[in-house]
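Colleague: Quick note: the sequence shown, position 382, residue 382 per the working numbering, numbers continuous.
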Amino acid sequence: MRTPSRTGWRYLAASAAGNHLSLAQQRARELRAVTTRTVRADEIDVPGSWFRVTEPSRRVRLTVPEHLDAADRRALRRRDASSVPEQFVLALPGATLQGREGWVFHEGRLVDGIWQEKGWPARSMVPALQLDPPVHLPGTTVSLLQPWSPNYYHWTTQVVPRVLRLLEVVGDAVDAVDHWMIPGDAPSYVGQWLDLLGIPAERRRPVDTRRQVFTLERLLVASVPGRNRWVPGSTVEGIRAAVAHLPSGPTGRRVLIQRSADRRRLLLNADEVEAALRGRGFEVVDPGTMTVAEEAVFFRGVDVVVGVHGAGLTNMVFARPGATVVELTPRGLVFPTFVKLAAAAGIRHRMVPGVEPRLPWPLRFPDIRADLLVDVAEVLDVVDRIPAVPGTAVPDTAPAG
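1. Whose CA, out of P390, H154, T141, lies closest to the CA of L167?
2. Quick one: what does DSSP say T209 is sitting in, helix, strand or coil?
3. Hey, would you say Q158 sits closer than 8 Å to V224, going by beta carbons?
4. Where do the ends of the alpha helix (DSSP H) carrying Q192 lie?
5. Indicate whether P147 and E101 have their beta-carbon atoms separated by less than 8 Å.
6. Is W155 helix, strand or coil when you go by DSSP?
7. I need the straight-line Cα distance from D69 to D172, nearest angstrom please.
8. Pick out the complete alpha helix (DSSP H) segments inside the region 310-354, 4 residues or longer, and give them in chain order.
9. For a minimum of 3 consecutive residues, which ranges assigned as the beta strand (DSSP E) are wholly contained in the region 233-305?
10. Out of G279, R280, V302, which has the shortest C-alpha to C-alpha gap to P287?
11. Once DSSP output is grouped into helix, strand and coil, what is the label at E55?
12. Does DSSP classify Q87 as helix, strand or coil?
13. With burial defined as no fewer than 16 other Cβ atoms inside 10 Å of the residue's Cβ, what is the status of T107: buried or exposed?
14. Please tell me whether P366 and F335 are closer than 8 Å, where the distance is taken between their beta carbons.
15. Which two residues bound the contiguous beta strand (DSSP E) that contains L403?
16. Measure the beta-carbon distance from F105 to A91 and round it to whole angstroms, keeping in mind my assumption that it falls under 8 Å.
17. State buried or exposed for H179, treating a residue as buried only when at least 16 other CB atoms are found within 10 Å of its CB.
18. Once DSSP output is grouped into helix, strand and coil, what is the label at L372?
19. What is the residue span of the beta strand (DSSP E) that P138 lies within?
20. Which word fits E202, buried or exposed, when buried means at least 16 other C-beta atoms lie within 10 angstroms of its C-beta?
21. For F338, which residues in the same chain have their Cβ closer than 6 Å to its Cβ, ignoring the five residues on either side in sequence?
22. When burial is assigned at 16 or more other CB atoms within 10 Å of the CB, is T361 buried or exposed?
23. Leaving aside the five residues before and after R109 along the sequence, list all residues of the same chain whose C-beta is less than 8 Å from its C-beta, in chain order.
24. If you draw a straight line from the alpha carbon of P56 to that of D45, how long is it in whole angstroms?
25. Less than 8 Å between the C-beta atoms of A370 and L333, yes or no?
26. For a test of the three-state rule: what should DSSP assign to A71, helix, strand or coil?
27. Can you give the Cα-Cα distance for L219 and V53, rounded to whole angstroms?
28. Looking at the structure shown, is W230 part of a helix, part of a strand, or coil, going by DSSP?
29. Check for me: the alpha helix (DSSP H) holding V170 runs from which residue to which?
30. Can you have a look at T209 and say buried or exposed, based on whether 16 or more other CB atoms are within 10 angstroms of its CB?
31. Taking the beta carbon of E295 as the centre, do at least 16 other beta carbons fall within 10 Å, making it buried, or is it exposed?
32. According to DSSP, is A128 helix, strand or coil?
33. For A186, which option in R320, V170, R205 has the closest C-alpha, if you only look at C-alpha atoms?
34. Exposed or buried, what is S22 when buried is set at 16 or more other beta-carbons lying within 10 Å of its beta-carbon?
35. For the beta strand (DSSP E) that contains T38, what are its first and last residues?
36. Note down the Cα distance separating A122 from A343, rounded to an integer number of angstroms.
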């Protein structure tokens, strides 16, 4: 039996009710967290500790696509940030590390500033749980743990840059790090990225639950970049440099990213979109079937990427500046993730919202589960207007119709 699509007014009413409940739960967590004691990372001054700024704070401003209507432009700006805090690496002896999300404590106080997301303060996200007995780790420990990881987007744009900054600090002394804390039961791309970055497999220590606690002789931890999806250009440069040694593949490719049928955000007229784009010289790929190295080589040669809002679009970080990404998104999920990533990567970006119903503004929220139905003619019009990447031959395929 086919699962009903996540579109239409009945679905929207249920999703709005679910979002209202989620917001109430978040407010309750924030109220409980008022008494949580915190200390800023740059205020800690104990023997053996140090705080090193790796990137200064900066002002940011979102350029909203003019082709979107007023409600969609407003949705893109919702809960945005106007500034991004400085990024840093902290060395802290005697730290305590809690759970799969890697909350850092010093003398019983939550270290604030490592997690920088606006609207999601760290003290409201630390779970109120019965914790396991602490495990002591001697030597030097690096934590790569953080909320919302593992997720291909967050791992690629936030955790990989943290590894790169930490490697700059330890230099040739990678072997001096005794433990690399990573999320347990992680997807294969986590290990593949760590292999590419030269992190010894035998020193990776997975953290499986939110209840686990570690007392550390010495902790090295980098702040989490990308506040409210503001990915700095240096992050993309670092990622590209990390895979620069891989061989190059064919260039000039036009790609439609395929999503599995068991995922959320299904493109309900995918067959029609696929047939139309094949007529424009597109090939259909599923990045989920590739290794990280294969994705890096493949997307380095892609000039145009069309895909539904999702982790697969993260691969634009491997593409050459001047390439184009066309993001298909549910009408209830006009969200700035890939607008910002494209700007950081020097990639052209075009958004095509679906044509299904959407909630009125007072009830609207980023609905990450909704399915979508796009106007195929609009998608083709966008694709036909994409300029060629400099130095790339125009595909020898005339527009159909």
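Note that the Cβ used here is the ideal one computed from N, Cα and C, for glycine as well.
Modeller: In terms of the structure at hand:
1. Position 167 of the sequence shown, counted from the start, is the residue given in the question as residue 167. That would be T141, whose Cα lies nearest to the Cα of L167.
2. Residue numbering aside, residue 209 sits at position 209 when the sequence shown is read from its first letter. T209: coil per DSSP, three-state reduction.
3. Within the sequence shown, the letter at position 158 stands for residue 158. Within the sequence shown, the letter at position 224 stands for residue 224. It is a contact, given that the beta carbons lie within the stated cut-off.
4. Residue numbering aside, residue 192 sits at position 192 when the sequence shown is read from its first letter. Its alpha helix (DSSP H) spans residues 188-196.
5. Residue 147 sits at position 147 when you count from the first residue of the sequence shown. Residue 101 sits at position 101 when you count from the first residue of the sequence shown. For P147 and E101, yes; Cβs fall inside 8 Å.
6. Mapped onto the sequence shown, residue 155 falls at position 155. If DSSP states are grouped into helix, strand and coil, W155 belongs with the helices.
7. Within the sequence shown, the letter at position 69 stands for residue 69. Within the sequence shown, the letter at position 172 stands for residue 172. Distance between the alpha carbons of D69 and D172: 52 Å.
8. 337-345
9. 253-257, 283-285
10. The count along the sequence shown starts at 1 and reaches residue 287 at position 287. Ranking the options by Cα distance to P287, first place goes to V302.
11. Taking the sequence shown and counting its residues from 1, the one referred to as residue 55 is at position 55. Three-state DSSP puts E55 in a strand.
12. Here residue 87 is taken as the residue at index 87 of the sequence shown, counted from 1. Q87 falls in the strand class under three-state DSSP.
13. Stepping through the sequence shown from its first residue, residue 107 is reached at position 107. Looking at the sequence shown, residue 107 is not Thr but Glu. That one is exposed.
14. To locate residue 366, count along the sequence shown from 1; it is residue 366. To locate residue 335, count along the sequence shown from 1; it is residue 335. Yes, they are a contact pair.
15. Because the chain is modelled from 1 through 401, residue 403 falls outside the range shown and cannot be assessed.
16. Taking the first residue of the sequence shown as 1, we reach residue 105 at position 105. Taking the first residue of the sequence shown as 1, we reach residue 91 at position 91. So it is not a contact: roughly 15 Å between Cβ atoms.
17. Start at 1 with the first residue of the sequence shown, and residue 179 comes out as number 179. Its Cβ being crowded by 16 or more others within 10 Å, H179 is buried.
18. Numbered from 1 along the sequence shown, position 372 holds the residue referred to as residue 372. Residue state, collapsed to three classes: strand.
19. Translated into positions along the sequence shown, residue 138 becomes position 138. First-last of the beta strand (DSSP E) with P138: 135-143.
20. Reading the sequence shown from its first residue, position 202 is the one you call residue 202. The residue is exposed, with fewer than 16 neighbouring Cβ atoms inside 10 Å.
21. As a first step, residue 338 is located in the sequence shown; it is residue number 338 there, counting from the start. The answer, listed in chain order, is L313, E327.
22. In the sequence shown, residue 361 corresponds to position 361, counting from 1. According to the sequence shown, residue 361 is Trp rather than Thr. Answer is exposed; the Cβ neighbour count stays below 16.
23. Counting from 1 along the sequence shown, the entry for residue 109 is found at position 109. Excluding sequence neighbours, R109 sits near R37, T38, V39.
24. Start at 1 with the first residue of the sequence shown, and residue 56 comes out as number 56. Start at 1 with the first residue of the sequence shown, and residue 45 comes out as number 45. Those two C-alpha atoms are separated by around 21 Å.
25. The residue you call residue 370 lines up with position 370 of the sequence shown. The residue you call residue 333 lines up with position 333 of the sequence shown. In contact: A370 and L333 (Cβ atoms closer than 8 Å).
26. In the sequence shown, residue 71 corresponds to position 71, counting from 1. Helix.
27. By one-based count along the sequence shown, residue 219 stands at place 219. By one-based count along the sequence shown, residue 53 stands at place 53. So the two alpha carbons sit approximately 16 Å from each other.
28. Along the sequence shown, read from residue 1 onward, the residue named residue 230 stands at position 230. Here W230 sits in coil by DSSP.
29. As a first step, residue 170 is located in the sequence shown; it is residue number 170 there, counting from the start. Note, V170: alpha helix (DSSP H), 160-170.
30. Position 209 of the sequence shown, counted from the first residue, corresponds to residue 209. T209 should be labelled exposed.
31. Numbered from its first residue, the sequence shown carries residue 295 at position 295. So E295 counts as buried.
32. Counting from 1 along the sequence shown, the entry for residue 128 is found at position 128. If DSSP states are grouped into helix, strand and coil, A128 belongs with coil.
33. Counting from 1 along the sequence shown, the entry for residue 186 is found at position 186. It is R205 whose Cα lies nearest to the Cα of A186.
34. Within the sequence shown, residue 22 is the residue found at index 22, counting from 1. When all chains shown are included, S22 counts as exposed.
35. Here residue 38 is taken as the residue at index 38 of the sequence shown, counted from 1. Run containing T38: 38-40, per the beta strand (DSSP E) assignment.
36. Locating residue 122 in the sequence shown gives position 122, where the first residue counts as 1. Locating residue 343 in the sequence shown gives position 343, where the first residue counts as 1. The straight-line gap from Cα to Cα measures roughly 27 Å.
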